[in-house]
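Engineer:
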Amino acid sequence: MDAFTDRLVARAAAIEPVLEGLLDDLPAFGELERPLRLMAAMRHAVLGGGKRLRPFLVVEAAALFGREDEGVLRAAAAIELLHCYSLVHDDLPAMDDDDLRRGRPTVHKAYDEATAILAGDALLTLAFDVLADPATDADPAVRAALVLGLARASGPGGMVGGQMLDLEAESVPPAEAGVRTLQAMKTGALLRFSVEAGAILGGAPAEARRALLHYGAATGAAFQLADDLLDATATAAETGKRTGKDAARGKATLVALHGVERSRRMLVALVAQAEAALAPFGPAADTLRQAARFVADRRR
Numbered sequence: 025m026d027a028f029t030d031r032l033v034a035r036a037a038a039i040e041p042v043l044e045g046l047l048d049d050l051p052a053f054g055e056l057e058r059p060l061r062l063m064a065a066m067r068h069a070v071l072g073g074g075k076r077l078r079p080f081l082v083v084e085a086a087a088l089f090g091r092e093d094e095g096v097l098r099a100a101a102a103i104e105l106l107h108c109y110s111l112v113h114d115d116l117p118a119m120d121d122d123d124l125r126r127g128r129p130t131v132h133k134a135y136d137e138a139t140a141i142l143a144g145d146a147l148l149t150l151a152f153d154v155l156a157d158p159a160t161d162a163d164p165a166v167r168a169a170l171v172l173g174l175a176r177a178s179g180p181g182g183m184v185g186g187q188m189l190d191l192e193a194e195s196v197p198p199a200e201a202g203v204r205t206l207q208a209m210k211t212g213a214l215l216r217f218s219v220e221a222g223a224i225l226g227g228a229p230a231e232a233r234r235a236l237l238h239y240g241a242a243t244g245a246a247f248q249l250a251d252d253l254l255d256a257t258a259t260a261a262e263t264g265k266r267t268g269k270d271a272a273r274g275k276a277t278l279v280a281l282h283g284v285e286r287s288r289r290m291l292v293a294l295v296a297q298a299e300a301a302l303a304p305f306g307p308a309a310d311t312l313r314q315a316a317r318f319v320a321d322r323r324r
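So in the working numbering, spot 42 of the sequence shown is number 66, and the numbers just go up one at a time.
1. Measuring alpha carbon to alpha carbon, tell me which residue in 60, 276, 224 is nearest residue 146.
2. Give me the Cα-Cα distance between residue 79 and residue 281, rounded to the nearest whole angstrom.
3. Around the C-beta of residue 306, are 16 or more other C-beta atoms found within 10 angstroms, so that it is buried, or is it exposed?
4. Determine the contact status of residue 140 and residue 112, defining contact as a CB-CB distance below 8 Å.
5. Who are the near neighbours of residue 35 in its chain, counting only those whose CB is closer than 8 Å to its CB and skipping five residues on each side?
6. Specify the secondary structure class of residue 129 as computed by DSSP and reduced to three states.
7. When we look at the beta-carbon of residue 289 and count the other beta-carbons within 10 Å, is it buried (16 or more) or exposed?
8. Return yes when the Cβ of residue 50 is within less than 8 Å of the Cβ of residue 70, no when it is not.
9. Indicate whether the contact test is met: 3 or more Cβ pairs, each with one atom in the region 240 to 248 and one in the region 204 to 218, closer than 8 Å.
10. Taking the beta carbon of residue 100 as the centre, do at least 16 other beta carbons fall within 10 Å, making it buried, or is it exposed?
11. Here's the rule I'm using: 16 or more other beta-carbon atoms within 10 Å means buried, otherwise exposed. How should residue 195 be labelled?
12. Does residue 46 come out as helix, strand or coil in the three-state DSSP assignment?
13. Would you kindly work out how many angstroms separate the C-alpha atoms of residue 250 and residue 165, rounded to a whole number?
14. With a CB to CB cut of under 6 Å and the five nearest residues on each side skipped, what residues in its chain are close to residue 68?
15. Threshold first: 4 residues or longer. Then list the alpha helix (DSSP H) segments lying entirely within the region 49 to 124, N to C.
16. I'd like to check one pair, residue 189 with residue 107: are the Cβ atoms closer than 8 Å?
17. Using the Cα positions of residue 154 and residue 184, report the straight-line distance between them to the nearest angstrom.
18. In the region 201 to 263, which residue ranges form an unbroken alpha helix (DSSP H) of at least 4 residues, counting only runs that do not cross its ends?
19. May I ask you to report which of helix, strand or coil DSSP gives residue 283?
20. Looking only at its own chain, which residues have a Cβ that is under 6 Å from the Cβ of residue 226, when we skip the five neighbours before and after it?
21. Grab me the residues of residue 187's own chain with a C-beta within less than 7 Å of its C-beta, minus the 5 sequence neighbours each way, in chain order.
22. Less than 8 Å separating the beta-carbons of residue 203 and residue 311?
23. Between the alpha carbons of residue 158 and residue 152, how many angstroms are there, rounded?
24. On the criterion of 16 or more Cβ atoms from any shown chain inside 10 Å, does residue 220 qualify as buried, or is it exposed?
25. Between which two residues does the alpha helix (DSSP H) carrying residue 165 extend?
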């Protein structure tokens, strides 16, 4: 996996200056002012490290269809902005009440709760600003497809709805089908859309886009299952965040339902599904295959 890790790091390095530019203190055209404390909190949330997996999937999926340019990086950055907003709000006392994220204080600890709420709101809004900007793609239809896709992946029928189901599951634990649904919404939807966004930017034909959606769904499920396994088996020093919280709060997870060993076997099967979905692309999709394995094998 060394070559893959190097590629992941290189893609992250390419996206970092794009994120920094989007989070500059200087107002964009049409804005009046950017409050300094708000911008500092947003940068704390976004520029504090992270694998940049979602941007990586956008860039690699677009590259399958020959597109690699600044517009792809902007779209990838937009998805990362939205992902980071979700982390800021997830960490709040009313939600998961976490003090540590990526080995650093969470935004509400580094600043305050009100600033964290506003920083998350601003990151969410900025994500759609970036996708709607002609600098991301000259074709209005492409921009509209990206905006609609991200809204569906992150809204009431996607990430936010999944978070609501997750909260409800603490008091009324669902059966396995319910756990799979809430995880496909809470975590999987945004990962799946990351791959789809690359296909949209690359002008992928319908059949190729469907194959990538299957890949994204399996990879998203693998990501969540690996995350749940880490919470059950790893230390905070290994992951950079508090562990053991799922069991403490009675969260509905596949690990809680099936135990660690069976969950590990299920994780292997999900990776195989993700790899199989890429069969139409042949060796050109090897990096995406490695991404699915990386998701399953990660320790953070």
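All C-beta atoms, glycine included, are put in the ideal place defined by N, C-alpha and C.
As the structure is a computational prediction, the values presented were derived from the model and not from experiment.
Structural biologist: Walking through what the data contain:
1. The residue you call residue 146 lines up with position 122 of the sequence shown. Looking at 60, 276, 224, the one whose alpha-carbon comes closest to that of residue 146 is 60.
2. Counting from one through the sequence shown, the residue named residue 79 turns up at place 55. Counting from one through the sequence shown, the residue named residue 281 turns up at place 257. Rounded to whole angstroms, residue 79 to residue 281 spans 32 Å at the Cα level.
3. Locating residue 306 in the sequence shown gives position 282, counting from the first residue. It is exposed - the Cβ of residue 306 has fewer than 16 other Cβ atoms within 10 Å.
4. Taking the first residue of the sequence shown as position 1, residue 140 is located at position 116. Taking the first residue of the sequence shown as position 1, residue 112 is located at position 88. The answer is yes: Cβ separation under 8 Å.
5. Translated into positions along the sequence shown, residue 35 becomes position 11. Taken in chain order, the residues that qualify are 76, 79, 80, 83, 84.
6. Translated into positions along the sequence shown, residue 129 becomes position 105. In this structure, DSSP gives residue 129 an extended state, which the three-state scheme calls strand.
7. Locating residue 289 in the sequence shown gives position 265, where the first residue counts as 1. With fewer than 16 other Cβ atoms within 10 Å, it is exposed.
8. On the sequence shown, residue 70 is found 46 positions in, with the first residue counted as 1. On the sequence shown, residue 50 is found 26 positions in, with the first residue counted as 1. Their beta carbons are not under 8 Å apart, which means residue 70 does not touch residue 50 by this criterion.
9. Using a C-beta cut-off of 8 Å, the region 240 to 248 makes contact with the region 204 to 218, since at least three inter-stretch Cβ pairs fall below that distance.
10. Within the sequence shown, residue 100 is the residue found at index 76, counting from 1. With 16 or more Cβ atoms within 10 Å of its Cβ, residue 100 is classed as buried.
11. The sequence position of residue 195 within the sequence shown is 171, counting from 1. Burial state of residue 195 is exposed, judged by a 10 Å Cβ sphere holding fewer than 16 other Cβ atoms.
12. Position 22 of the sequence shown, counting from 1, holds the residue named residue 46. Helix, per DSSP.
13. Position 226 of the sequence shown, counted from the start, is the residue given in the question as residue 250. Position 141 of the sequence shown, counted from the start, is the residue given in the question as residue 165. Approximately 36 Å between the Cα atoms of the pair.
14. For the purposes of this step, residue 68 is taken as the residue at position 44 of the sequence shown. Short of 6 Å from the beta carbon of residue 68, and not among the five residues preceding or following it, lie these beta carbons of its own chain, in chain order: 131, 134.
15. Whole alpha helix (DSSP H) segments, 4+ residues: 60 to 70, 77 to 87, 94 to 114.
16. As a first step, residue 107 must be located in the sequence shown, where it is residue number 83. As a first step, residue 189 must be located in the sequence shown, where it is residue number 165. Contact flag unset, no.
17. To locate residue 154, count along the sequence shown from 1; it is residue 130. To locate residue 184, count along the sequence shown from 1; it is residue 160. Taking the straight line from one Cα to the other gives about 20 Å.
18. Runs of the alpha helix (DSSP H) inside the region 201 to 263: 213 to 225, 230 to 257, 260 to 263.
19. For the purposes of this step, residue 283 is identified with residue 259 of the sequence shown, where counting begins at 1. Looking at residue 283 - three-state DSSP - the assignment turns out to be coil, as it is neither helix nor strand.
20. Here the question's residue 226 lines up with position 202 in the sequence shown. Result list for residue 226: 86, 89, 91, in chain order.
21. Looking up residue 187 in the sequence shown gives position 163. Take residue 187, set aside five residues on each side of it, and the residues of its chain with a beta-carbon closer than 7 Å to its own are 210, in chain order.
22. The residue labelled residue 203 in the question sits at position 179 within the sequence shown. The residue labelled residue 311 in the question sits at position 287 within the sequence shown. Contact annotation: residue 203 and residue 311 have beta-carbon atoms that are not nearer than 8 Å.
23. On the sequence shown, position 134 is the one that residue 158 refers to. On the sequence shown, position 128 is the one that residue 152 refers to. So the alpha carbons of these two residues sit roughly 12 Å apart.
24. Counting from one through the sequence shown, the residue named residue 220 turns up at place 196. Flag for residue 220 reads buried.
25. What you label residue 165 is simply residue 141 of the sequence shown in a count that begins at 1. Annotation for residue 165: the continuous alpha helix (DSSP H) segment containing it runs 164 to 178.
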